[in-house]
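**Student:**
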Amino acid sequence: LHVETQLGEGVAVPVDGNPAHYLISVMRVKPDDIVLLFDGRSGEWAARVRDMRKRDLVLECVQQTKPPEHVPDFWLCCAPIKKGRIDLIAEKACELGVARLQPVLTRRAVVDKLNLDRLHAHLVEAAEQCGRTGLPDLTEMVKLDALLKGWPIGRHLFFADETGGAPLEATLRAHPGPAAFLVGPEGGFDPAEREAIRATPGAVPVSLGPRILRAETAAIAATAAWMTINGD
Ligand code: SAM
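Mind the numbering: the sequence shown is residues 15 to 246 in the UniProt record's numbering, read in order.
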């Protein structure tokens with residue numbers, strides 16, 4: 015069970031909050047039961063149900079069961095794509111150990127709004143399933159030119175370029191260190207965007223092979239390839 019809350023001695027979870035409702039009505043916990051707490055940054059803790067008062071449920075953290083996680087310094091920057099598919103990217107990025115998921119609005123994006131709460135819920139669920147004790151940093155969507163203008167010096171920006179990038183594995187091996195992969199939307203990047211990305215210090219155009227992959231395939235394959243070489 016993952017209850018997102020501040021970890022401390024006695025943690026009062028309001029009864030009408032989701033986690034408490036789940037604990038009380040679904041898990042049917044009783045005083046002295048032990049539950050696992052997870053807040054995405056403090057590791058995982060075993061907590062005892064201290065008492066179930068009328069207005070809230072008090073959990074007492076008794077022991078840290080898993081330390082805060084360390085994941086490789088890798089960001090996945092991807093254009094917003096249709097709902098089910100961006101959810102898939104979020105879920106797989108979390109499982110693969112991505113440190114940051116950065117939605118990037120591009121001109122040919124079919125979708126221009128994202129429900130970050132929904133994506134966050136997918137991240138929590140994926141973390142629970144794969145045993146991560148942390149969550150990828152899910153940032154607000156930014157426009158491509160803003161992302162490029164503020165691109166951090168020293169971080170490789172591998173750019174999934176189906177029109178002609180360098181071969182994947184050799185390129186990743188030749189560029190160790192903090193990195194990000196940038197993947198376009200269903201309609202791809204437009205020529206001016208491609209130009210701007212290539213002109214960004216740290217940008218490295220990379221090919222993911224001779225076929226045109228769906229955006230979610232490209233994002234997951236690129237992340238998996240980087241993690242295979244640099245992952246934990
Ligand atoms: N421009 C593509 C076309 O002509 O149909 C559509 C874009 S593709 C569906 C979505 C994104 O996946 C692209 O913007 C690119 O970032 C990435 N991608 C797909 N296939 C790729 C490949 N073979 N090599 C590198 N990137 C690829």
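Using N, Cα and C, we set each Cβ at its ideal position, and we do this for glycine too.
Taking 7 Å as the cut-off, is the CB of Val125 close to at least one heavy atom of the ligand SAM?
**Tutor:** Val125: no, Cβ never under 7 Å from the ligand SAM.
**Student:** With distances taken Cα to Cα, identify the nearest neighbour of Pro219 among Gly198, Arg64, Asp175 and Thr237.
**Tutor:** Comparing Cα-Cα distances from Pro219 to each of Gly198, Arg64, Asp175 and Thr237, the minimum goes to Asp175.
**Student:** Pick helix, strand or coil for His170, following the three-state DSSP scheme.
**Tutor:** DSSP places His170 in strand when its eight states are reduced to three.
**Student:** Between the Cα of Met66 and the Cα atoms of Trp89, Arg42 and Arg55, which residue gives the shortest distance?
**Tutor:** Nearest of Trp89, Arg42 and Arg55 to Met66, Cα basis: Arg42.
**Student:** Closest to Pro205 by CA distance: which of Arg122, Glu58, Leu222 and Ala34 is it?
**Tutor:** The shortest Cα separation from Pro205 among Arg122, Glu58, Leu222 and Ala34 belongs to Arg122.
**Student:** Look at Asn244 and Pro166 and say whether their C-beta atoms are less than 8 Å apart.
**Tutor:** Not in contact: Asn244 and Pro166 (Cβ atoms no closer than 8 Å).
**Student:** Under DSSP, the alpha helix (DSSP H) around Glu209 begins and ends at which residues?
**Tutor:** Counting along the chain, the alpha helix (DSSP H) containing Glu209 begins and ends at Pro205 to Arg212.
**Student:** Flag Arg228 as yes when its Cβ comes closer than 7 Å to any non-hydrogen atom of the ligand SAM, and as no otherwise.
**Tutor:** The answer is yes for Arg228.
**Student:** Mind checking whether Arg169 and Ala194 have CB atoms under 8 Å apart?
**Tutor:** Contact flag set, yes.
**Student:** Contact check, Ala93 vs Gly223 under 8 Å by CB: the rounded distance?
**Tutor:** 20 Å between Cβ atoms; not a contact.
**Student:** Determine whether the beta carbon atoms of Asp159 and Arg114 lie at a separation below 8 Å.
**Tutor:** Against a cut-off of 8 Å, the Cβ pair of Arg114 and Asp159 comes out as no contact.
**Student:** Please classify Asp53: is it buried, with 16 or more other beta-carbons within 10 angstroms of its beta-carbon, or exposed?
**Tutor:** Buried: at least 16 other Cβ atoms inside 10 Å.
**Student:** With three or more beta-carbon pairs closer than 8 Å as the criterion, would you say the region 105 to 112 touches the region 207 to 218?
**Tutor:** Short answer: they don't touch.
**Student:** Using the rule of at least 16 other Cβ atoms within 10 Å of the residue's Cβ for burial, across every protein chain shown, is Glu105 buried or exposed?
**Tutor:** Buried is the call here.
**Student:** Short of 6 Å in beta carbon distance, which residues of its chain neighbour Glu230, apart from the five on each side in sequence? Order them along the chain.
**Tutor:** Hits under 6 Å: Arg99, Leu102 and Ile103.
**Student:** Any C-beta of chain C sitting closer than 8 Å to the C-beta of Val40?
**Tutor:** Chain labels in this structure do not include chain C; a single protein chain is all it has.
**Student:** Buried or exposed: where does Thr177 fall if 16 or more other Cβ atoms within 10 Å of its Cβ makes it buried?
**Tutor:** Per the 10 Å Cβ criterion, exposed.
**Student:** Could you name the residues that DSSP lists as bridge partners for Trp59?
**Tutor:** Answer is Leu51 and Gln78, bridged to Trp59.
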